[in-house]
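Below is one structure, written out as structure tokens, with a few remarks after it.
Protein chains: 2
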Amino acid sequence: MSLPRESPAPRGRRPGAPDTKAAILAAARHGFAAAGFARTSVRAIAAEAGVDPALVHHYFGTKDELFLAALELPVDPRKVLLPAIAAGGVDDVAERMVRAFLSVWDDPEIRVRLVAVFRGILDAEGERLLRDGFIPVVLEPVGAALGIDRPELRMPLVASQMVGLIMLRYVIGVEPLASLSGDDVVAIYAPTVQRYLTGDLP
Amino acid sequence: MSLPRESPAPRGRRPGAPDTKAAILAAARHGFAAAGFARTSVRAIAAEAGVDPALVHHYFGTKDELFLAALELPVDPRKVLLPAIAAGGVDDVAERMVRAFLSVWDDPEIRVRLVAVFRGILDAEGERLLRDGFIPVVLEPVGAALGIDRPELRMPLVASQMVGLIMLRYVIGVEPLASLSGDDVVAIYAPTVQRYLTGDLP
Numbered sequence: 003m004s005l006p007r008e009s010p011a012p013r014g015r016r017p018g019a020p021d022t023k024a025a026i027l028a029a030a031r032h033g034f035a036a037a038g039f040a041r042t043s044v045r046a047i048a049a050e051a052g053v054d055p056a057l058v059h060h061y062f063g064t065k066d067e068l069f070l071a072a073l074e075l076p077v078d079p080r081k082v083l084l085p086a087i088a089a090g091g092v093d094d095v096a097e098r099m100v101r102a103f104l105s106v107w108d109d110p111e112i113r114v115r116l117v118a119v120f121r122g123i124l125d126a127e128g129e130r131l132l133r134d135g136f137i138p139v140v141l142e143p144v145g146a147a148l149g150i151d152r153p154e155l156r157m158p159l160v161a162s163q164m165v166g167l168i169m170l171r172y173v174i175g176v177e178p179l180a181s182l183s184g185d186d187v188v189a190i191y192a193p194t195v196q197r198y199l200t201g202d203l204p
Numbered sequence: 003m004s005l006p007r008e009s010p011a012p013r014g015r016r017p018g019a020p021d022t023k024a025a026i027l028a029a030a031r032h033g034f035a036a037a038g039f040a041r042t043s044v045r046a047i048a049a050e051a052g053v054d055p056a057l058v059h060h061y062f063g064t065k066d067e068l069f070l071a072a073l074e075l076p077v078d079p080r081k082v083l084l085p086a087i088a089a090g091g092v093d094d095v096a097e098r099m100v101r102a103f104l105s106v107w108d109d110p111e112i113r114v115r116l117v118a119v120f121r122g123i124l125d126a127e128g129e130r131l132l133r134d135g136f137i138p139v140v141l142e143p144v145g146a147a148l149g150i151d152r153p154e155l156r157m158p159l160v161a162s163q164m165v166g167l168i169m170l171r172y173v174i175g176v177e178p179l180a181s182l183s184g185d186d187v188v189a190i191y192a193p194t195v196q197r198y199l200t201g202d203l204p
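Chains as they are written, first to last, in this note's numbering: chain A, 3 to 204; chain B, 3 to 204.
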């Protein structure tokens, strides 16, 4: 798969911690992509990396956190979105969520790395990571934090708009979307996101 | 680039019409992807294919039509969208446009071919085809047919929602979006598209 790697991925137990962490991440990426997030256990990842499962938890915490580490996102989307959600009520949460989104994607250095991750999503393995991993690890906790009804439908609706915005504004660079100010992006997209989060649905 | 080809792309003048057409299409794909739609002339494509420009027009019509032929879309999006637009007023045109979109994408045979084209968009060359070709050849004529103000902003906004829907419903297959009925898709997305087409913008 084409997610960026900081170093070649060694296999088996190594004496140095950096190699061990890299081996765990490589095993995690492989396992999540091949079998899906739900069907890949920390125990299986540890076995493939040749380490004890306790070491996986020591380095990476929970399985959710290991998944996000394996994606090599430059930021944890939960750490960006959850404070924005908690900062006010749900009736105008979309504006805060879109502003939080822009605070990450409009940062040139972060954007370069996010675009690289995003391109990997259209690999067959990357698709599986998004479908089986990103949704339970990121979208479901965010939906739960929002306290909305039918989060299992509403959060993918939000994702369907934000993925298209990412494609046109950041990945492909379609004008005038690529040059819109952050305020204009909020004015255009926050009402859409708000309707998907709290509006009437069929 | 990874757009599907029906046959290997021969170069230079060939005696048989199928080879000549294939040579023209290969030259068109190469030219549009390398230099962009606007900067690639029919004359230059004809020269690369080793044929007379009149033959290009004979086989493919206008440069717009040659571009769509080079994309190898299974349907001409203008022929799907323009009748839907003409069938009523602009105040409820989004519902007709989303239904026209679904009539194509929800057809299993067409969908397989469209997904293949769509995956090619995330190639570097495919991005250029979308940015420099699809917008002037498809989005601008549709915007003109709608008779809306600021089509140069409104049509990319519509595209940003429909591209995300394509990604989640058809390419990645995120549930429950992948299984929603057409009526539910219309109920959810037509208001978004209508607002982008005729609502207040910043």
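All C-beta atoms, glycine included, are put in the ideal place defined by N, C-alpha and C.
is_contact[residue i, chain B] using C-beta, thresh 7 angstroms
i: S1 (chain A); result: An answer regarding residue 1 (chain A) cannot be provided, because it is not within the stretch 3 to 204 covered by chain A.
i: A189 (chain A); result: yes
i: E111 (chain A); result: no
i: A192 (chain A); result: no
i: V50 (chain A); result: Per the sequence shown, the amino acid found at residue 50 (chain A) is Glu instead of Val. No, its Cβ sits nowhere closer than 7 angstroms to a Cβ of chain B.
i: E142 (chain A); result: no
i: T22 (chain A); result: no
Cutoff 8 angstroms; reference residue i; Cβ partners in own chain excluding five residues on either side
i: A71 (chain B); result: L27, A30, F62
i: R101 (chain B); result: A86, G184, V188
i: A48 (chain B); result: I26, A29, D54, P55, L57, V58
i: H32 (chain B); result: E50
i: I150 (chain B); result: V92, R156, L199, T200
i: I190 (chain B); result: L182
First and last residue of the uninterrupted alpha helix (DSSP H) at residue i
i: T200 (chain A); result: 184-200
i: F62 (chain A); result: 55-62
i: V95 (chain A); result: 95-107
i: P153 (chain B); result: 153-167
i: G33 (chain B); result: 19-37
i: G91 (chain B); result: Looking at the DSSP string, G91 (chain B) is not in any alpha helix (DSSP H), and its letter there is neither H nor E.
i: D66 (chain A); result: 65-73
i: L148 (chain A); result: 142-148
i: E1 (chain B); result: Residue numbering for chain B in the displayed model covers 3 to 204; residue 1 (chain B) lies beyond these limits and cannot be assessed.
i: R45 (chain A); result: 44-51
Contacts that residue i makes with chain B (C-beta to C-beta distance below 7 angstroms)
i: D186 (chain A); result: P204
Residue-level contact to chain A via CB, residue i, 7 angstroms cutoff
i: L132 (chain B); result: yes
i: V129 (chain B); result: Per the sequence presented here, residue 129 (chain B) reads as Glu, with Val not at that position. Output row for E129 (chain B): interface = yes.
i: M3 (chain B); result: Per-residue confidence for M3 (chain B) stands at a pLDDT of 38, beneath the threshold of 50, marking its modelled position as unreliable; the derived number appears in the next sentence. By this cut-off, M3 (chain B) is not an interface position.
Residues near residue i in its chain [Cβ-Cβ closer than 6 angstroms; skip 5 each side]
i: Q163 (chain A); result: T194
i: R121 (chain A); result: none
i: D109 (chain B); result: none
i: V106 (chain A); result: V77, V82, I112
Contacts of residue i in chain A (Cβ-Cβ under 7 angstroms)
i: I47 (chain B); result: Those within 7 angstroms of I47 (chain B) in chain A number zero; the least Cβ separation is about 23 angstroms.
i: I26 (chain B); result: In chain order: nothing, as chain A lies at least about 26 angstroms away.
Same chain, Cβ closer than 7 angstroms to residue i, five either side skipped, listed in chain order
i: F34 (chain B); result: T42, F69, A72, L131, G135
i: K65 (chain A); result: V44
i: G38 (chain B); result: R130, D134
i: R16 (chain B); result: Note on R16 (chain B): pLDDT 46, under 50, position unreliable in the model; no value is reported.
Distance cut-off 6 angstroms: residue i Cβ against heavy atoms of the ligand HEM
i: M99 (chain A); result: Questions concerning the ligand HEM fall outside what the structure shown contains, since it holds no ligand whatsoever.
task = Pull out every residue of the stretch 151-180 of chain B whose Cβ sits closer than 9 angstroms to any Cβ of chain A, in chain order.
result = Cβ contacts with chain A come from E154, L155, P158, L159, A161, S162, Q163, M164, V165, G166, L167, I168, M169, L170, R171, V173, I174, G175, V176, E177, P178, L179.
request  = With 8 angstroms as the C-beta to C-beta threshold (strictly closer), list the residues of the stretch 78-100 of chain A near chain B in chain order.
outcome  = Per Cβ criterion, the list is empty.
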